[in-house]
Amino acid sequence: MKRFSLILTVLIAVFFLIGACLQEGKEKKDNQSDKSKITQKGVIVTNNLELDFSKHKVTFIELGADRCIPCRMMQPIMKEIAEEFAGQVQVVFYDVWKDPKPARKYRIRLIPTQVFIDKNGKEFFRHVGFFPKKDILKLLKQKGVN
């Protein structure tokens with residue numbers, strides 16, 4: 013009876029290990045496929061941390077989540093900014109609940125957090141919480157975005 017229990021325990025452990033390895037491989041594959049950029053009405057939704065800042069006067073990065081209410085309130089504003097200032101402002105959205113790496117890179121504590129970066133890759137402004145469009149427009153105007 014002890015021998016049967018030992019064999020059963022070993023078999024169960026082996027199945028758990030195989031399952032964990034398969035799941036880890038699936039997650040790695042999913043993360044690699046997520047690195048490609050998806051554009052939704054001018055807003056880049058990605059988990060790729062390598063952005064080219066030099067092509068735009070300003071890069072507006074929103075770190076949030078699809079299921080966060082204030083983050084959802086920011087979505088139409090991000091789309092409007094991307095459409096109105098195409099070529100001047102790059103708008104990027106990171107869902108930090110799906111992938112926490114951008115949250116670590118930008119050292120955020122709460123969502124939504126907006127980070128504004130100039131064409132040299134230097135952060136010049138940061139805001140936490142809902143950010144009204146009129147305030148964003150003032151900020152962009154200060155950086156020469158018309």
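What the sequence shown shows, in the numbering used here, is residues 13 to 158, in sequence order.
Here a beta-carbon is modelled for each residue, glycine too, at the ideal position from N, C-alpha and C.
Rounded to the nearest angstrom, what separates residue i and residue j at their Cα positions?
i           : j           : result
residue 144 : residue 89  : 8 angstroms
residue 110 : residue 141 : 19 angstroms
residue 103 : residue 67  : 12 angstroms
residue 40  : residue 100 : In this predicted model, residue 40 has a pLDDT of only 49, less than 50, meaning its place in the structure is not dependable enough to derive any value.
residue 70  : residue 139 : 15 angstroms
residue 64  : residue 115 : 18 angstroms
residue 57  : residue 80  : 15 angstroms
residue 133 : residue 149 : 20 angstroms
residue 73  : residue 19  : 54 angstroms
residue 78  : residue 15  : 51 angstroms
residue 17  : residue 118 : 51 angstroms
Here's a check: name, in chain order, each residue in its chain whose Cβ is nearer than 8 angstroms to the Cβ of residue i, leaving out the five neighbours to either side.
i           : result
residue 76  : 82, 83, 86, 105, 106, 107, 108, 123, 124 and 125
residue 113 : 59 and 61
residue 135 : 127, 128 and 129
Report the residue from the options whose alpha carbon sits nearest the alpha carbon of residue i.
i           : options             : result
residue 131 : 58, 155 and 59      : 155
residue 96  : 13, 153 and 17      : 153
residue 147 : 93, 121, 133 and 57 : 93
residue 98  : 118, 158 and 19     : 158
Cutting at 7 angstroms between CB atoms, please list the residues of its own chain near residue i, excluding the five before and the five after it.
i           : result
residue 137 : 128 and 151
Pull the bridge partners of residue i from the DSSP assignment, please.
i           : result
residue 75  : 106 and 125
residue 140 : 125
residue 70  : 101 and 130
residue 135 : 129
Measuring only from the beta carbon, is residue i closer than 7 angstroms to any heavy atom that is part of the ligand GDP?
i           : result
residue 149 : With respect to the ligand GDP, the structure shown offers nothing to examine, as it has no ligands at all.
Output needed for residue i: all residues of its chain with C-beta closer than 6 angstroms, excluding positions within five of it in sequence on either side, in chain order.
i           : result
residue 120 : 75
Flag residue i as yes if its beta-carbon sits less than 8 angstroms from any beta-carbon of chain B, otherwise no.
i           : result
residue 141 : Structure shown: chain B not included; a single protein chain is present.
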